[in-house]
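Visitor: Okay, so the sequence shown: first residue is 1 according to full-length UniProt numbering, each after it adds one. By construction, the Cβ of each residue, glycine as well, lies at the ideal position given by its N, Cα and C atoms.
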Amino acid sequence: MNSSNELTLETIQAMRWQEENAYGVSDYLSCIPPQGNCALDTPVDASCRYVMAKWCCEIADFCKYKRETVAVAMNCLDRFMATVVGQEILLDRNSYQLASMTALYSSVKIHEQEAMDPNLISSLSRGVHSPMAVEEMEAKMLRALQWRVNPPTAMSFVRSMMDLVPHHIVGPAERETITEITKFQIELAVNEYSFSRFRPSTIAIASLLNSLESLSEDRMLFANFENTMACALGIDNVSCVRGLRIALYELMNGNDTIALQESIAQATASTKMDTSPCGEAVNSEEHYKTSPRSVNVNV
């Protein structure tokens, strides 16, 4: 192994440690505290998160920010909602809107070259939230998150993993296409609450494998790529991401919500149950039977 690959693997391992120990997202919507009889608002749900994630994407596109900054903002928002302060906000959709807008405001300030003015955020809310409210929410969020606002994203894993693939195996044109298809899947997943609990590294490898399979019929190439990526990430067995691959495939193809939720449930179960060693060889025939492509053909 050359020094460049060693450095890349060290980077991946450092990001893996971060996502496991500092930036994990819990199922906070299942822990919303009970409301009193005089509750005036409906608690936040997954559809609220979807609406705000889409809004963040639209603002990012208009301002020419990276979509990856939206991924950072949503990770910060999700982790904030799991804190004691955030749980209170889940009972007030108006406050949740402010928290979502503030998460983008704060993430842009950290990860983009040009920051957003709090007056702009206030204007975008049509005056519902004042500039002072934005700044107060940001301070509250940063304290609750203990200033952990630089999570590893799925795309950061993708870039590192692609660096491990020799150029004589995947050429420049194919590499660009794989990256674009992978990015598309990841950006769709960022909007969905159901995908927020999966680690970015897991979403990265699942999206990458879907992209590679869509471009190549070479099973040996796919198996080698699959094993290389899984071992680089320290995943026990690639079978644990196959359910997620199918869920991402269905999301990308706009399949109905029920089928998507069933796939996500299966992906969650397979990720939790898998305990096989990473060094175990991939059964290419078994892979073919459970891949997104074969599922699509057999439906």
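In this structure, how does DSSP classify P172 when only helix, strand and coil are distinguished?
Guide: helix
Visitor: Going by alpha carbons, who is nearest to T153 out of E20, L248 and N2?
Guide: E20
Visitor: Output yes or no for whether 8 Å exceeds the beta carbon distance between A99 and M132.
Guide: No, the Cβ-Cβ distance between A99 and M132 is not below 8 Å.
Visitor: Would you check if there are 3 or more beta carbon pairs closer than 8 Å linking the stretch 123-132 to the stretch 167-174?
Guide: no
Visitor: Once you ignore the five residues that flank T42 on each side, which residues in its own chain have a CB closer than 8 Å to its CB?
Guide: R93
Visitor: Which two residues bound the contiguous alpha helix (DSSP H) that contains V44?
Guide: No alpha helix (DSSP H) holds V44; DSSP gives it neither H nor E.
Visitor: Straight-line CA distance for L188 to E250?
Guide: 11 Å
Visitor: Please specify which runs of the alpha helix (DSSP H), each continuous and at least 4 residues long, are wholly inside the stretch 66-132, giving them in chain order.
Guide: 67-81, 84-89, 93-111 and 118-124
Visitor: Among F198, L120, M161 and R175, which has the Cα closest to the Cα of N227?
Guide: M161
Visitor: Starting from R242, trace the alpha helix (DSSP H) in both directions and tell me its first and last residue.
Guide: R242 to M252
Visitor: Counting C-beta neighbours from all protein chains within 10 Å, is the total for C31 16 or more, i.e. buried, or is it exposed?
Guide: exposed
Visitor: To which residues of the same chain is N119 closer than 7 Å at the C-beta, ignoring the five residues directly before and after it?
Guide: P131
Visitor: Tell me which same chain residues have a C-beta within less than 7 Å of the C-beta of P200, skipping the five on either side of it?
Guide: E19, P152, T153, A154 and F157, listed in sequence order.
Visitor: Could you check whether I203 and L244 sit closer than 8 Å to each other, using their CB atoms as the reference points?
Guide: yes
Visitor: If you follow the alpha helix (DSSP H) that R163 is part of, which residue opens it and which one closes it?
Guide: Residue identity check: residue 163 is Asp in the sequence provided, not Arg. Unbroken alpha helix (DSSP H) run through D163: A154 to D163.
Visitor: How would you call N75, buried or exposed, if buried means at least 16 neighbouring beta carbons within 10 angstroms?
Guide: buried
Visitor: Taking only three categories from DSSP, how would you classify W17?
Guide: helix
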